[in-house]
Amino acid sequence: MEQGPLNGQVALVTGAGRRLGREIALALARAGADIVVNYHASHAGARAVAREIELLGRRSLLLRANVAQPAQVRAMFRSVQRALGRLDLLVNNAAVFFPARWDQMTEQDWDRMLDTNLKGTFFCAQAAARLMQLHGQGRIINISSLGGLQAWPDYPHYCASKAGVIMLTRCLAKALAPRILVNSIAPGTILFPNEEPTPLLRKVIRKTPARRAGRPQDISDLVLYLASADGFITGQTFVVDGGQSA
Numbered sequence: 000m001e002q003g004p005l006n007g008q009v010a011l012v013t014g015a016g017r018r019l020g021r022e023i024a025l026a027l028a029r030a031g032a033d034i035v036v037n038y039h040a041s042h043a044g045a046r047a048v049a050r051e052i053e054l055l056g057r058r059s060l061l062l063r064a065n066v067a068q069p070a071q072v073r074a075m076f077r078s079v080q081r082a083l084g085r086l087d088l089l090v091n092n093a094a095v096f097f098p099a100r101w102d103q104m105t106e107q108d109w110d111r112m113l114d115t116n117l118k119g120t121f122f123c124a125q126a127a128a129r130l131m132q133l134h135g136q137g138r139i140i141n142i143s144s145l146g147g148l149q150a151w152p153d154y155p156h157y158c159a160s161k162a163g164v165i166m167l168t169r170c171l172a173k174a175l176a177p178r179i180l181v182n183s184i185a186p187g188t189i190l191f192p193n194e195e196p197t198p199l200l201r202k203v204i205r206k207t208p209a210r211r212a213g214r215p216q217d218i219s220d221l222v223l224y225l226a227s228a229d230g231f232i233t234g235q236t237f238v239v240d241g242g243q244s245a
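128 is the number that numbering that gives the first Met the number 0 gives to position 129 of the sequence shown; each next residue is one higher, with no gaps.
Written out as structure tokens, the structure is:
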């Protein structure tokens, strides 16, 4: 087994069964971490990720929990403690994304978005921090969005949830300092292999200074850096958008 910068550590990635969560989980495993693969609905994808992690020579723990339900979150972290004994890194990645105009939005739309994206992020961080404090240190990385910094008129509930994640990151960084570092990543337009952009996204990409969409690796590389860098970075939001917000 090759040694990596996270060798011997345990990381939990929420929403790890697909897309960006999958890429982050595998990147952390390649860096040496054992991975807790959280999922809610993507059972088949999460199982496949767990198998890939084990093929890399790392341990995986597959745990189903809806992060919007604090009781399920607490049960998940109790399972982590029983099975692995520690937690070094939490990546709050689980999120939902769908449009809803201000004049058509329902209470259910609002609650679904805020419950998953913001409430889930907080209660996962709360449970993770309690476990990290048992051995005196840890890192939390919250995946926010460019929508937390910009106003997207058809996504007011999403923008509000991700702006909340950014401020929550700052609050937790101060509350948990100095032993637990808390940072956020705000991706711009990210396209996956064989994924074709919509006409709207093509316009966005043309206006982006980098003249391309981001790749999943652009985000997972930054997660790995924040997970392993010297401990002087906390309370920050790193925008990865090819200059789109410049």
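We treat Cβ as the ideally placed atom computed from N, Cα and C, and that holds for glycine. Given the structure is predicted, the values throughout are model-derived calculations rather than measurements.
Same chain only: Cβ atoms within 6 Å of residue i, ignoring 5 sequence neighbours per side
i, result
"ALA10", "LEU27, ALA32, ILE34, LEU88"
"GLY3", "ALA30, GLY31"
"ALA49", "VAL36, SER59, LEU61"
"THR120", "ASN91, ASN141, VAL164"
"HIS39", "ASN65"
Test item: CB-CB of residue i and residue j under 8 Å
i, j, result
"LEU260", "ALA128", "The displayed coordinates of the chain run from 0 to 245. Any statement about residue 260 would go beyond what the structure contains."
"LEU223", "ALA185", "no"
"ILE189", "ARG214", "yes"
"SER183", "ILE23", "no"
"ARG46", "LEU60", "no"
"GLY230", "ARG169", "no"
"SER160", "LEU221", "no"
"THR236", "ILE165", "yes"
"ARG111", "VAL95", "yes"
"THR115", "VAL72", "no"
"ALA246", "MET75", "The requested residue 246 is not part of the displayed model; the chain covers only 0 to 245."
"LEU25", "ILE52", "yes"
"GLY56", "ARG17", "no"
"LEU5", "ALA226", "yes"
For residue i, three-class secondary structure by DSSP
i, result
"PHE121", "helix"
"SER41", "coil"
"ASN116", "helix"
"ASP220", "helix"
"PHE237", "strand"
"LEU225", "helix"
"SER78", "helix"
"ILE232", "coil"
"VAL9", "strand"
"LEU199", "helix"
"PRO152", "coil"
"ALA67", "coil"
Integer-rounded CB distance, given that residue j should sit under 8 Å from residue i
i, j, result
"GLY7", "ALA93", "Actually they do not touch by this definition, with Cβ atoms about 25 Å apart."
"LEU255", "GLY163", "Since the displayed the chain opens at 0 and closes at 245, residue 255 lies outside it and no answer follows."
7 Å Cβ shell around residue i - same chain, five flanking residues per side excluded
i, result
"LEU86", "VAL9, LEU11, VAL79, ALA127, LEU130, MET131, GLY137"
"ARG100", "ASP153"
"PHE191", "ARG18, PRO215"
"ALA245", "PRO208"
Residues near residue i in its chain [Cβ-Cβ closer than 8 Å; skip 5 each side]
i, result
"LYS206", "GLN243"
"HIS156", "ALA99, MET104, ASP108, TRP109, MET112, LEU113"
"ASP240", "LEU145, ALA185, PRO186, GLY187, THR188, THR207, GLY213"
"HIS42", "GLY16, ARG63"
"TRP151", "TYR157, CYS158"
"LEU167", "LEU117, THR120, PHE121, ALA124, ASN141"
C-beta neighbour in chain C for residue i, strict 8 Å
i, result
"PRO215", "No chain C is present in this structure, which holds just one protein chain."
inquiry  = Pairs of beta-carbons, one from the region 191-209 and one from the region 131-143, closer than 8 Å: are there three or more?
reply    = No, they do not touch.
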